[in-house]
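*Asks:* Dropping a structure here in structure tokens format, bear with me for questions.
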Amino acid sequence: MRSQLLTQIITNVANSNISVSQELPWNSGGQVLYLKNKKHFYLDEEQESREDFIKTLDKNDVEQKTITLNGYLTVDAKNQPGDISSVVANIIAANSVITTTIDNSVEVTTEIDNDDITYTFEYNFITII
Amino acid sequence: MSVINVSAGNEAVLVLADAVANANVATGAVTGLIVPQMQDITINNSTGIFRFKTLDNTAESAVTTPATNQISLNAVVDATSFFGAGNSPAADKLIEDGLFGASKAKTRVYFQVAFDGRDSGSKIFTGSGFISGLAPTVNMDSPVWITPVTIEVDGDFTESAVA
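Same order as they appear, the protein sequences are chains A and B. Throughout the first sequence, residue numbering follows the numbering used here, covering 1080 to 1208 in sequence. Throughout the second sequence, residue numbering follows the numbering used here, covering 3 to 165 in sequence.
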């Protein structure tokens, strides 16, 4: 699912001021890569959780699986790229590439630290198994 | 005191078949249809009451009338048990036709309900009746097909235990 989403994000932000990294947002020299490499989008590894959706007497319960992926993008807060709005919209829109879900949502939050602004994208894909 | 609970792996079991010999919780899915993925099951033995008033009494009198017996449940729709497995190889009609086929054909179904699993000693109710009240439903807040099932019992329940 991560590679599928990443491919779509690369397509959606092609020809913009933002690059998409294939790497995970790991630490380098004590600093996470998306803080070090501004204007580079990083997509973290999948997190999976399962919970009972329907409990049944014979224990053949129906489960709900939620896959969460976090993406990170840091840019200069004072001089944001001129196309940042469309970049954010296109990164959000990439979630539509995942089609086998019953619920598909994205939440974007921002955090300003010194002169950097970090966009955090939380993708949630819910399926029934 | 002996509480019957379903948390110890001995769940409530409902077996349906088109012949009384096939509706047997001990033989289970080999001879009949075990209704899978039930969310709940209710056995209703409702004795009818006729009330009347007389001029010489300050309270109503009551006499019993025959009971209405019914089994109702809600289950996740399983394609095989709901639509049937077909007749190859030939099996019990409930296995072949499924819940929907048996309801549509108004097939008389024989049932056993086990209170405490299929092992020896589990209390069972036996009887026969007709499937009714199928109403599969799904929506985006609950995106799995679920259906109520009612068995309108013809006659009485017979109480026994798994041998």
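The beta carbon of each residue, even a glycine, is placed where N, CA and C say it ideally should be. Quantities reported herein were computed from a predicted structural model and do not represent experimental measurements.
Below 8 Å between beta carbons is the criterion; list the residues of the segment 1127-1161 of chain A that meet it against any residue of chain B, in chain order.
*Replies:* Those residues of the segment 1127-1161 of chain A that come within reach of chain B (Cβ to Cβ, closer than 8 Å) are Phe-1132, Ile-1133, Lys-1134, Thr-1135, Leu-1136, Asp-1137, Lys-1138, Asn-1139 and Val-1141.
*Asks:* Which residue wins for smallest C-alpha separation from Ser-130 (chain B), given the options B:Pro-138, B:Asn-12, B:Tyr-112 and B:Thr-160?
*Replies:* With distances taken between Cα atoms, Ser-130 (chain B) lies closest to B:Tyr-112.
*Asks:* Counting contacts by CB-CB distance shorter than 8 Å, is Val-140 (chain B) in contact with chain A?
*Replies:* Cβ-Cβ to chain A under 8 Å: no for Val-140 (chain B).
*Asks:* Which residue comes first and which comes last in the alpha helix (DSSP H) that contains Arg-53 (chain B)?
*Replies:* No alpha helix (DSSP H) holds Arg-53 (chain B); the beta strand (DSSP E) holding it covers 40-54.
*Asks:* Express the C-alpha separation of Leu-57 (chain B) and Met-3 (chain B) in angstroms, rounding to a whole number.
*Replies:* Rounded to the nearest angstrom, the two C-alpha atoms are 45 Å apart.
*Asks:* Between Ile-1181 (chain A) and chain B, is any beta-carbon pair separated by less than 8 Å?
*Replies:* Yes, Ile-1181 (chain A) counts as interfacial toward chain B.
*Asks:* Would you please state the rounded distance, in angstroms, between the beta carbons of Leu-1084 (chain A) and Leu-1148 (chain A)? I believe it to be under 8 Å.
*Replies:* Sure, about 6 Å apart at Cβ, within 8 Å.
*Asks:* Tell me Val-15 (chain B)'s beta-bridge partners as DSSP assigns them.
*Replies:* Note: Val-15 (chain B) sits in a beta bridge opposite B:Ala-116.
*Asks:* Here's the rule I'm using: 16 or more other beta-carbon atoms within 10 Å means buried, otherwise exposed. How should Gln-1110 (chain A) be labelled?
*Replies:* Label assigned to Gln-1110 (chain A): exposed.
*Asks:* Anyone know if the C-beta pair for Glu-1124 (chain A) and Gln-1143 (chain A) falls short of 8 Å?
*Replies:* In this structure, Gln-1143 (chain A) does not lie closer than 8 Å to Glu-1124 (chain A) by Cβ.
*Asks:* Val-1154 (chain A) to Ile-1196 (chain A), Cα distance in whole Å?
*Replies:* Going from the Cα of Val-1154 (chain A) to the Cα of Ile-1196 (chain A) covers about 6 Å.
*Asks:* Report the option in B:Thr-29, B:Lys-95 and B:Ala-81 whose CA atom is closest to the CA atom of Val-164 (chain B).
*Replies:* Comparing Cα positions, the closest option is B:Thr-29.
*Asks:* Against chain A, which members of the segment 40-65 of chain B pass a CB distance test of less than 9 Å?
*Replies:* Within the segment 40-65 of chain B, the qualifying residues are Met-40, Gln-41, Asp-42 and Ile-43.
*Asks:* What does Ser-162 (chain B) pair with, by DSSP beta-bridge criteria?
*Replies:* According to DSSP, which records beta bridges pairwise, Ser-162 (chain B) is partnered with B:Ile-126.
*Asks:* With C-beta atoms as the reference, is Val-37 (chain B) less than 8 Å away from Ser-83 (chain B)?
*Replies:* In this structure, Ser-83 (chain B) lies closer than 8 Å to Val-37 (chain B) by Cβ.
*Asks:* In terms of residue numbering, what span does the beta strand (DSSP E) encompassing Glu-1124 (chain A) cover?
*Replies:* No beta strand (DSSP E) holds Glu-1124 (chain A); DSSP gives it neither H nor E.
*Asks:* Please report the Cβ distance between Phe-127 (chain B) and Glu-154 (chain B), rounded to the nearest whole angstrom; I am assuming they are in contact, meaning their Cβ atoms lie under 8 Å.
*Replies:* With 8 Å as the limit, Phe-127 (chain B) and Glu-154 (chain B) do not qualify as a contact, their Cβ atoms being about 15 Å apart.
*Asks:* Go through its chain and collect everything with a Cβ distance to Arg-120 (chain B)'s Cβ below 7 Å, but skip five positions before and after it.
*Replies:* Closer than 7 Å at the Cβ level, and outside the excluded window around Arg-120 (chain B), lie Val-15, Val-27, Ala-28, Gly-30 and Val-164.
*Asks:* Does the distance from the CB of Val-1166 (chain A) to the CB of Gln-1087 (chain A) come in under 8 Å?
*Replies:* No, the Cβ-Cβ distance between Val-1166 (chain A) and Gln-1087 (chain A) is not below 8 Å.
*Asks:* With distance defined between alpha-carbon atoms, name the residue in A:Ile-1163, A:Gln-1159 and A:Glu-1186 nearest to Ala-1093 (chain A).
*Replies:* It is A:Ile-1163 whose Cα lies nearest to the Cα of Ala-1093 (chain A).
*Asks:* To the nearest angstrom, how far is it from the Cα of Gln-114 (chain B) to the Cα of Asp-1137 (chain A)?
*Replies:* Distance between the alpha carbons of Gln-114 (chain B) and Asp-1137 (chain A): 16 Å.
*Asks:* Going along chain A, which residues have a C-beta under 7 Å from Ala-14 (chain B)?
*Replies:* Per Cβ cutoff of 7 Å: Leu-1136.
*Asks:* Compute the Euclidean distance between the alpha carbons of Asn-141 (chain B) and Lys-1115 (chain A), then round it to the nearest angstrom.
*Replies:* Approximately 46 Å between the Cα atoms of the pair.
*Asks:* Relative to the C-alpha of Tyr-1121 (chain A), which candidate in A:Val-1187, A:Gln-1101 and A:Ile-1205 has its C-alpha closest?
*Replies:* Nearest of A:Val-1187, A:Gln-1101 and A:Ile-1205 to Tyr-1121 (chain A), Cα basis: A:Gln-1101.
*Asks:* Using a Cβ-Cβ cut-off of 7 Å (strictly less than) and excluding sequence neighbours within five positions of Met-1080 (chain A), which residues of its own chain qualify?
*Replies:* Glu-1125, Ile-1146, Ile-1177 and Phe-1204, listed in sequence order.
*Asks:* Within the 8 Å Cβ cut-off, does Val-164 (chain B) reach chain A?
*Replies:* No, Val-164 (chain B) does not count as interfacial toward chain A.
*Asks:* Listing by chain order, which chain A residues have their CB less than 9 Å from the CB of Pro-38 (chain B)?
*Replies:* Those within 9 Å of Pro-38 (chain B) in chain A are Thr-1135, Asp-1137 and Asn-1139.
*Asks:* So, at 6 Å on beta carbons, what are the nonlocal neighbours of Thr-44 (chain B) in its own chain, with the 5 sequence-adjacent residues on each side left out?
*Replies:* Same-chain partners within the cutoff: Ser-74.
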